[in-house]
Every structure is written in C-alpha cells, then in structure tokens.
Amino acid sequence: MEKVKLKLDPKTKILMCILVNIPAYGIANKNFLLPFIFIALGMLFYNKLYRQIMNYLIIYSFLNIIKLLTPILPTVLVHMFGTLIISFEMFLPFIAYGMVLIKTSSINEVAISLDNINAPNFIIIPLLVLFRFFPTIREEKNAISESMKLRGVNFGFKNFIIHPYRTMEFMYVPMLFVLVKTGEELTVASLTRGLGGEEKRTYIKDVKFKFIDVLAISLFILLIWICFKMKGM
Amino acid sequence: MKEKMEIKDLISVGIFGAIYLAIFMISITVVGMVPKIYFFAGAVSSLFLGTIYMLFVSRTGKKYSILMMGVLIVTIMGLMMGGLWTVFVFGYGVVIIAEIIASIGNYKSFKLNTLSYMVFALFPFGVYSAFWVMKDQMLEMSKPYGDIYVTTLEKLINPTTLIYAIIATLICAMIGSLIGKKILKKHFEKAGIA
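Structure below.
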C-alpha cells in the first residue's frame with residue numbers, strides 16, 4: 084500500500100494565515116515569531132518545496148542583515164529601508180503561510196473546501212479569480228513591454244517621470260483590454276462547466292475537514308497563547 | 002435597477018480587484034521607500050487607479066458591485082499589510098459609503114462616481130492608522146535604526162500630516178477619475194467595452 088500523505092484542509096491553511104497575524108502585530112519582540120515561521124517552513128519541507136524555502140530564507144536573511152548593518156550604513160539608506168523593513172517584518176510570517184496555502188493546495192481544492200461549508204458564490208468566485216489573475220497580470224505586463232519596445236516605447240522610470248500620462252496610457256489600455264477579454268472567455272468557460280447553476284456541484288477529489296485539521300488549529304492557537312504568556316514574563 | 006449579480010459580474014469583480022491590488026501594491030512599495038512621503042502613497046496610487054475604478058463601474062453597474070470589490074481588496078490588503086482591526090473597520094466603512102454614493106446616481110452619473118471614488122480611495126488610511134494607534138510600539142521597533150530615524154518618524158506621526166495626506170488623497174483621486182474618464186472616452190467607449 085502506498086504511504087498516505089498527510090494533508091491539511093485548505094480551510095485550515097486559510098485560518099492559519101489569518102491567525103498568524105495576531106502575534107505578528109501584537110508582540111513587539113520579533114523573536115517570538117520564529118516558531119511560527121519554523122512551522123510554515125516545516126510544512127513546505129514536508130511537501131518537498133525546497134526552492135520556496137530557499138527563496139524565503141534569502142529574503143529573511145537579507146532583511147536581518149540590513150537590520151544588523153544599520154549602525155554602519157549612512158542615514159539616507161537607513162531612512163529608505165527603515166519603514167520598509169518595519170512593515171516587512173510584520174508580514175513575513177503571513178508570507179510564509181500564504182506560500183504554504185498557494186503551493187500545497189490547488190485552486191480547485193480551495194474551491195471545493197469553501198463549497199463544502201456552503202460559502203456563497205459571491206465570495207468564492209471573486210476570490211478564486213483574483214488569485215488566478217495575479218500571474219496573468221505579470222505575464223501580460225511583460226508581453227506588453229516587449230511589444231511596445233518594437234514601437235519605441237520604453238516603460239522605464241525615466242519615461243514615467245517625463246511623460247507620466249502617456250506612459251500610463253500605453254500600459255493601461257492594452258492591459259485592460261486583455262483583462263476584459265480574458266474575463267469574458269473565463270465566464271463562458273466556467274458557465275460551460277456548470278458554475279452558477281441551481282444544483283450543487285459534485286467533485287471527484289475528496290477534501291474534508293478531518294481530525295488532523297482540528298488538531299492543527301488547536302495546537303496553533305495554543306502556541307499563540309503561549310507566546311502571549313511568555314511575553315508578559 | 003434591481004438586477005442581480007451574475008457569474009460574469011462576479012468574475013469582473015475578481016479581475017478588477019486583482020489589477021487594482023497589483024497596481025496599488027507597486028505604487029505603495031515605490032513611494033514607501035521615502036519615509037517623508039510615506040503617508041502620501043495612497044494619494045499617488047489613486048492617480049493611477051481612477052481609470053480602473055471608472056472602467057469597473059461602467060462595466061458592472063449593478064448593486065453591491067463596488068461593495069464586493071472593496072471588501073475583497075480591503076480584506077486581502079488588510080491581511081497582507083496590516084492585521085490591525087482598524088484596517089477592516091475603517092476600510093469596510095469607506096467602501097460602504099462609496100457604494101451608497103454611487104448607487105444614488107445609478108452608477109451612471111460621472112459626478113457621483115467621482116465622489117464615490119474619492120471616498121473609496123481613502124481606504125489605505127486604515128493601514129496608516131496603525132502608526133497612530135500603536136505609536137509607542139512603532140517607535141520602539143524603530144530604535145535599532147538610530148536616533149535620527151526615530152525623531153523623523155516621531156515628527157511624521159502627528160495629526161497635521163494626517164490631514165494633509167487625506168486632502169492630498171481626495172484631490173489626487175479627483176484628478177485620477179478625470180484621467181480615467183479621458184482614457185475611457187478615447188479608447189474603451191469606441192471599442193464598445195466601457
């Protein structure tokens with residue numbers, strides 16, 4: 084028999100994403116966040132996502148190195164990076180759990196999981212479309228830049244300062260056209276698959292809220308509670 | 002007009018929400034590099050986002066469409082940038098007001114849409130409010146960056162800056178929606194997708 088892989092329900096992962104913000108914003112000492120980040124990295128490791136772990140560690144160490152170097156760096160740079168690092172430090176844990184959510188469960192599973200608790204269509208569809216379109220926007224941006232280069236339009240920082248309106252127009256108009264068209268195609272495609280019908284849809288994949296999810300969430304809340312207790316000491 | 006939101010409109014909400022968030026994030030990161038104008042990032046981004054908002058309203062002029070997109074954007078932004086409760090309370094309030102204003106004009110009146118966008122563009126202040134609510138914690142966290150940085154931040158966190166930033170955002174949002182109208186008229190109405 085094949086070894087059964089431990090798998091958390093996407094709902095659990097979403098809940099973890101939300102819960103991890105409580106210690107991230109509630110505790111000033113950022114060392115308390117290390118266990119949370121460690122758990123997320125462990126989950127990535129379990130799913131063999133080594134590249135993501137590397138990327139995360141690079142960002143993490145980069146921020147901490149800058150933080151250590153601040154006494155030596157010139158004040159201009161400190162001013163530039165200070166605000167950025169403060170806000171980044173707060174949402175680093177969230178990034179880790181977001182990575183776990185996006186990389187370990189497919190969009191399909193998230194949809195099934197939300198549909199199981201009878202979440203209404205007007206929550207599920209916009210949310211899923213939003214996450215589906217972030218990569219598309221990046222792709223389209225690169226494609227538009229390429230094709231605009233042929234016509235001698237460069238989307239550099241310099242052009243943005245000299246001709247702000249024109250640069251914006253050249254970027255926006257094709258981008259919005261593409262997005263609107265893709266949206267229409269997506270609508271047709273999803274209507275064909277029976278989205279928005281009266282009947283409840285059935286699924287091949289089995290995504291259920293199991294005992295392990297309850298266990299994971301309770302342990303997570305316990306950890307947050309311990310962190311807040313330790314802080315007081 | 003009492004039409005229900007269809008699948009097509011829900012997908013539009015997702016798409017426009019995605020591009021709105023993407024451009025908002027880019028501008029806020031670029032502007033956030035300079036601490037002196039950190040609180041004006043919302044103003045700068047609202048210059049660019051007016052076009053998207055106007056196109057969205059003109060494409061899905063249905064009840065609750067603005068509310069839905071706003072709640073989506075505020076929730077995601079709140080989770081990613083600032084988990085403080087003020088983000089959600091302030092953000093949702095702003096979005097509801099924007100929805101009511103636009104619905105008075107049936108989502109067709111340009112003046113009311115502009116007004117609604119001006120209110121909508123204020124939602125980033127939910128994030129900034131963290132600086133006022135948790136002022137002491139912020140200042141403590143910035144200690145490792147040297148005394149000069151702390152004093153700069155302390156000077157920045159005062160009510161006058163907040164008022165200036167809000168006024169700047171309102172004005173920029175108005176200009177942004179005018180730009181949006183111009184672009185819509187020049188390109189999208191001709192193609193029949195506005």
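Residue numbers (this note's numbering), protein chains in the order written: chain A, 84 to 316; chain B, 2 to 195.
No residue lacks a Cβ here, since even glycine has one placed at the ideal position from N, Cα and C.
Because the structure is a prediction, the values reported are computed rather than measured.
In the structure shown, A122/B adopts coil according to DSSP, grouped into three states.
Within chain A, the residues whose beta carbon sits less than 8 Å from that of L80/B are C100, I101, N104, F177, listed in sequence order.
Contacts with chain A (Cβ-Cβ distance below 9 Å) from the stretch 37-62 of chain B involve K37, Y39, L48, F49, T52, I53, L56, R60, listed in chain order. Going by C-alpha positions, Y39/B is about 29 Å away from K112/B. The shortest CA-to-CA distance from I97/B to any of Y65/B, L140/B, S46/B is the one to Y65/B. When the alpha-carbon of F17/B is set against those of V161/A, F217/A, V193/A, the nearest one is in F217/A. With contacts defined by Cβ atoms closer than 8 Å, N114/B and V58/B form a contacting pair. Linking M78/B to F119/A through their CA atoms gives a straight-line distance of about 21 Å. At a cut-off of 8 Å between beta carbons, G125/A makes no contact with chain B. Taking a contact as a CB-CB distance under 8 Å, the pair L184/A and I307/A does not count as one, their CB atoms being some 18 Å apart. Cα atoms of L185/B and F164/A: separation of roughly 38 Å, rounded to the nearest angstrom. Per DSSP, F41/B is not a residue of any alpha helix (DSSP H), being assigned neither H nor E. Counting C-beta pairs with one atom in each stretch, the stretch 296-306 of chain A and the stretch 42-56 of chain B have fewer than three that are closer than 8 Å, which means they do not touch.
DSSP places N112/A outside both helix and strand once states are collapsed to three, so it counts as coil. At a C-beta separation below 9 Å, L146/A has no neighbours in chain B, since its nearest C-beta there lies roughly 12 Å away. Of the candidates P125/B, M70/B, T87/B, M70/B places its Cα closest to the Cα of E100/B. Boundaries of the alpha helix (DSSP H) around M99/A: 93-102.
Look at the stretch 73-123 of chain B and you find these whole runs of alpha helix (DSSP H), each 4 residues long or longer: 86-105, 111-121. Straight-line spacing of the CA atoms in L262/A and V256/A works out to 10 Å.
By the criterion of a C-beta distance shorter than 7 Å, D10/B is surrounded in its chain by T61, K63, S66, once the five residues flanking it on both sides are discounted. Taking 7 Å as the upper bound on Cβ-Cβ separation, chain A lies near no residue of the stretch 118-136 of chain B. By the CB criterion at 8 Å, K314/A and F115/A fall inside the cutoff.
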